[in-house]
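In my numbering, the protein residues as written are 2 to 636.
Beta carbons: idealized from backbone N, C-alpha and C, even for Gly.
It should be emphasised that the depicted structure is a prediction, and the values quoted were computed from it without experimental measurement.
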Amino acid sequence: MKEHQIISWEQYKATYKHSIEAPEVFWADIADSFKWHKKWDKVLSWDFKKPSVQWFEGAKLNITENCLDRHLATRGDKVAILWEPNNPNEEVVRLTYKQLHQKVGQFANVLKRNGAKKGDRICIYMPMVPELAIAVLACARIGAIHSVVFAGFSANSLADRINDATCSLVLTADGSFRGNKIIDLKIIVDEALARCTSVKKVIVLKRTGTPVTMQVNRDVWWQEELEKVAHNCMAEVMDAEDMLFVLYTSGSTGKPKGVVHTIAGYMVYTYYSFINVFGYSEEDVYWCTADIGWITGHSYIIYGPLLAGATTIMFEGIPTWPDAGRFWAICDKHQVNQFYTAPTAIRALMAKGLKYVNSYKLDTLKVLGSVGEPINEEAWHWYDEHIGKKNCPIVDTWWQTETGGIQISAIPHVTKLKPTYASLPLPGIVPCLVNNEGEELHDNEVEGLLCIKFPWPSMIRTIYGDHERCRLTYFSAFDNKYFTGDGCRRDADGFYRIIGRVDDVINVSGHRMGTAEVENAINEHPNVVESAVVGYPHAIKGQGIYAFIITNNPVNNIEAFTQAVLQVVNKAIGPIAKPDKIQVVTGLPKTRSGKIMRRILRKIASGDISNLGDTSTLLDPSVVEAIKKGAGLIA
Ligand code: WTA
C-alpha cells in the first residue's frame with residue numbers, strides 16, 4: 002500500500018508539482034501497479050471543447066481482476082466485504098477476497114444465463130446487502146454496464162432511468178429493511194416496468210420475505226439461479242475507455258443525467274484517492290456509510306477500497322435505529338479505523354445528544370471523513386471532539402458524481418486542518434476560480450466559480466445518450482475548463498472552501514436535487530398552476546425544500562393540500578424530494594421576460610425579508626409584498 006501514499010507535507014508538495022508538470026508520467030506510474038491484459042499506447046489525449054477525454058488508450062483490462070483476482074495470492078483470506086445487517090441481532094457476513102471472487106464469478110454466470118452480455122445496461126435497484134456489491138462487480142466482470150438506482154427512488158424515477166439507458170435486466174429484491182420499516186422493492190419494480198419495454202429479465206433476491214408476484218418468463222429468483230451455474234467466470238477483456246457504469250444525477254434542468262464513467266481511468270483514480278485520503282493501511286477496517294446508489298458508494302465502498310485490497314464495511318440500516326448510537330456501536334463492534342459519512346448524519350446525531358455517544362469507546366478510529374455538502378463549523382467540532390476525541394484528522398472531501406473521485410481534500414497527518422475547508426487539491430487535480438465573466442482569479446483570498454482546468458483519470462466522459470448535454474452543462478460555460486456548478490473561496494494559504502451550488506441544484510441531506518425536477522413533480526397535482534422551488538438553510542438537512550405554489554382554485558384546507566402535494570412528489574421522485582415548507586401564493590416574482598427571480602424567493606424562504614435587493618426589473622413588484630405577508634402562513 003505504502004508505495005503511492007503521501008505521508009509528509011514535503012512529499013505532498015513535490016508529488017503535486019510532479020503530477021501537474023508531468024501528468025502522464027505521474028498517472029502511468031500509478032497505473033503500472035495494476036494487472037493489464039495489454040498496456041496503453043497513450044496515457045492521455047484530450048480536448049475539452051468536444052469534450053473528448055481518453056486515458057490509457059489502447060489498454061486492455063478487466064477492473065474486477067484488479068479488485069479481486071489480483072489479491073487472491075496475497076490477501077485471499079482477508080475480509081473484503083464486512084456486512085452489518087439492519088438488525089443488530091442478525092448475523093454479520095464476512096466475505097473474504099476468495100469468497101467474494103467466487104460469488105462474483107457465480108453471479109456473473111447467472112447474468113450470462115439470463116441473456117446479459119458485454120455492453121448491455123443492467124439496472125440494479127437493491128437494498129444495501131452483499132449481493133448488491135456482488136451484482137455490481139458481476140456486471141463489470143462480463144463487461145455489462147451497471148446503472149445502480151438508489152432504492153429510495155419512486156417507480157416513476159426508476160422507470161425513467163431504466164428507459165433512458167434501455168436496460169435489458171433489472172436486479173432487485175423482494176424488499177428492503179430500513180430501521181423498523183420494510184420497503185417493498187419488487188412491487189415498485191413491477192410498477193416501473195409497466196412503462197419499460199427494454200427489460201427482458203428481472204432477477205429477484207429474497208431478503209425480507211415480502212410476498213411478491215413473479216411474472217412468468219420475466220422474473221427469476223436470485224438464489225435459485227445461483228444453483229444452476231458454476232463459480233468461475235473468466236473476466237471479459239475490456240478496452241480502457243469502455244463504459245464501466247452510468248449513474249444518474251440531478252442537474253438544473255428537469256431530467257436527471259446519466260453520468261458515464263469508463264474503466265481504466267476510474268480504476269486508477271479511485272484507488273489512488275482512496276489510499277491517500279484515508280491513509281489506509283493493510284490491517285485497517287474502513288467504513289463508508291453512504292448508499293451504493295450514490296457515487297460515494299460506488300467509488301468508496303466498492304471500487305476504491307477493493308482495488309486497494311481493503312476491508313470495506315457495508316451497512317444495511319439507518320443511523321437512528323434501534324437508536325441514535327448505531328453508527329458508534331458499529332464502529333466499536335468492528336473496530337473501525339476510517340469512518341466516512343455526510344454532515345447531515347453528523348448534525349442529526351449531534352441533535353440527539355451525547356448520551357448516544359458516550360457509552361462507546363471509539364478508540365480504534367484514526368481518520369474521519371465528510372462528504373456531500375459543506376460541513377458547518379459546529380458539526381465539524383462535534384465530530385472532532387466527540388467522535389474523533391481530537392485525535393483523528395477530519396478529511397472534508399469535495400467531489401461530485403461527475404468527478405468520479407475525491408478532488409479536493411486534506412490528506413491525514415499531511416495537510417493542515419481548517420474546519421469547513423476541503424483544503425487542497427489531490428495530485429493531478431488543477432482547480433481554479435473564475436468570475437462571472439469567465440476570467441480566472443489568480444490571487445488568493447478570492448471567491449469565484451470553481452472549475453477544473455486539466456483532465457483527471459476518473460472524470461465524466463459523457464452523459465448517456467446525450468453528449469451535447471455533457472458539453473453544454475460542463476464544458477461550455479468557460480473556455481477549456483470543466484465547470485463544477487459550485488461557488489468556492491480560496492484563502493490566503495490557497496485552501497479551498499466550498500460555498501455551495503450556484504445553479505438551480507439544491508443539496509438536501511447530501512442528496513443532490515434539481516429544483517426544476519421538484520417543480521415538475523409538484524405541477525402534476527391537478528390544482529397546481531405553477532410552482533417555484535428553492536432551498537433554504539435547514540439545521541439538520543443542510544438545505545430544506547421550500548415550494549411556492551400558485552393554485553387554480555383557492556385552497557380551503559391547507560393541511561390536506563400539503564399532504565396531497567407531498568404525495569404527488571413522493572410518487573414522482575421519492576420521499577427525499579418532499580418539500581419541507583409549502584406556501585400557496587397568488588403570483589411569483591417574474592422579470593418582464595418571464596423568468597422567475599429565485600434570488601428573491603430564496604431570501605424569503607430563508608426568513609430574510611428585510612432587504613430583497615433590486616426588484617425594479619420585476620413585472621409586478623406587488624407580488625413580492627403579497628408573498629412576504631403570506632410567508633408566515635406556511636404549512
Ligand atoms: C456538494 C457527492 C461542500 C457540492 C460526492 C457538489 C460538497 C455536490 C462536498 C456533488 C464537500 C460534495 N463540501 N460541498 N466536501 N462534497 N459537495 O454528485 O455542491 O452527489 O457539487 O456527489 O455536492 O454531489 P454528488
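| How about N508: is its Cβ closer than 7 Å to a heavy atom in the ligand WTA? | Yes, the Cβ of N508 comes within 7 Å of a heavy atom of the ligand WTA.
| message | Quick check: is any heavy atom of the ligand WTA less than 7 Å from the C-beta of I296? | response | Of the heavy atoms belonging to the ligand WTA, at least one sits nearer than 7 Å to the Cβ of I296.
| query | Under 8 Å, do F340 and L369 count as touching if we go by C-beta distance? | reply | The answer is yes: Cβ separation under 8 Å.
| message | According to DSSP, is T312 part of a helix, a strand, or is it coil? | response | The answer is strand: DSSP assigns T312 an E or B state.
| So what does I546 bridge to, in DSSP terms? | For I546, which the question treats as bridged, DSSP gives the partners G536.
| field | Distance cut-off 7 Å: D397 Cβ against heavy atoms of the ligand WTA | value | Checking every heavy atom of the ligand WTA against the Cβ of D397, one is found closer than 7 Å.
| In three-state DSSP terms, what is A141? | DSSP places A141 in helix when its eight states are reduced to three.
| Delimiting residues of the beta strand (DSSP E) encompassing L172 | Per DSSP, L172 belongs to the beta strand (DSSP E) from 170-174.
| request: Pick helix, strand or coil for D292, following the three-state DSSP scheme. | output: Collapsing the DSSP output to three states places D292 in coil.
| task | For the stretch 566-576 and the stretch 521-531, state whether three or more C-beta atom pairs, one from each stretch, are separated by less than 8 Å. | result | With a cut-off of 8 Å, the stretch 521-531 and the stretch 566-576 count as touching, because enough Cβ pairs lie within range.
| CB-CB length for I407 against S253, believed under 8 Å | Rounded, the Cβ-Cβ distance is 23 Å, inconsistent with contact.
| Roughly how far, in whole angstroms, is the beta-carbon of V54 from the beta-carbon of R327, given that I think they are within contact range, below 8 Å? | Rounded to whole angstroms, the Cβ separation of V54 and R327 is 41 Å, and the two are not in contact under 8 Å.
| request: Mind checking which residues open and close the alpha helix (DSSP H) that includes G488? | output: For G488, no alpha helix (DSSP H) encloses it; the enclosing beta strand (DSSP E) starts and ends at 483-491.
| task | Write down every uninterrupted run of the alpha helix (DSSP H) in the stretch 344-386 whose length is 4 residues or greater and which is fully enclosed by it, in chain order. | result | Within the stretch 344-386, the runs of alpha helix (DSSP H) at least 4 residues long that lie entirely inside it are, in chain order, 344-352, 378-383.
| request: Compare the C-alpha of V93 against each of K104, V80, H102 and name the closest. | output: Among K104, V80, H102, the Cα nearest to that of V93 belongs to V80.
| In terms of residues, what are the limits of the alpha helix (DSSP H) holding Y341? | That residue, Y341, is in no alpha helix (DSSP H); its beta strand (DSSP E) goes 339-342.
| request: State the DSSP-derived secondary structure class of T416, mapped to helix, strand or coil. | output: DSSP places T416 in coil when its eight states are reduced to three.
| message | Please list the terminal residues of the continuous alpha helix (DSSP H) segment that includes H72. | response | For H72, the enclosing alpha helix (DSSP H) stretches over residues 71-76.
| CB of L159 within 8 Å of CB of I188, strictly | The Cβ-Cβ distance between L159 and I188 does not fall below 8 Å.
| Interface flag, D243 vs chain C, CB-CB below 8 Å | In the structure shown, chain C does not exist; there is a single protein chain.
| request: Within 10 angstroms of the Cβ of Q544, are there 16 or more other Cβ atoms? Answer buried if so, exposed if not. | output: That one is buried.
| said: Excluding the 5 residues flanking V624 on each side, which residues of the same chain have their C-beta closer than 6 Å to its C-beta? | reply: Answer for V624: G588, P590, listed in chain order.
| field | Cβ neighbours of T421 in the same chain (closer than 8 Å, five flanking residues each side left out) | value | If we look at T421 and ignore the five residues flanking it on each side, its Cβ neighbours are P375, I376, N377, E378, W381, D397, R498.
| Pairing CB atoms from the stretch 218-226 with CB atoms from the stretch 18-30, are three or more of them under 8 Å? | The stretch 218-226 is not in contact with the stretch 18-30.
| query | For K104, which residues from the same chain have a beta carbon less than 6 Å from its beta carbon, with the 5 sequence-adjacent residues on both sides left out? | reply | Within the same chain, K104 has close Cβ partners I135.
| request: Report the rounded CA-to-CA distance for N445 versus P428, giving the unit in angstroms. | output: N445 and P428: Cα-Cα distance of roughly 20 Å.
| field | Pairwise C-alpha distance: P212 and K14 | value | Distance between the alpha carbons of K14 and P212: 58 Å.
| Taking the continuous beta strand (DSSP E) assigned at F455, which residues delimit it? | That residue, F455, is in no beta strand (DSSP E); it is neither H nor E in DSSP.
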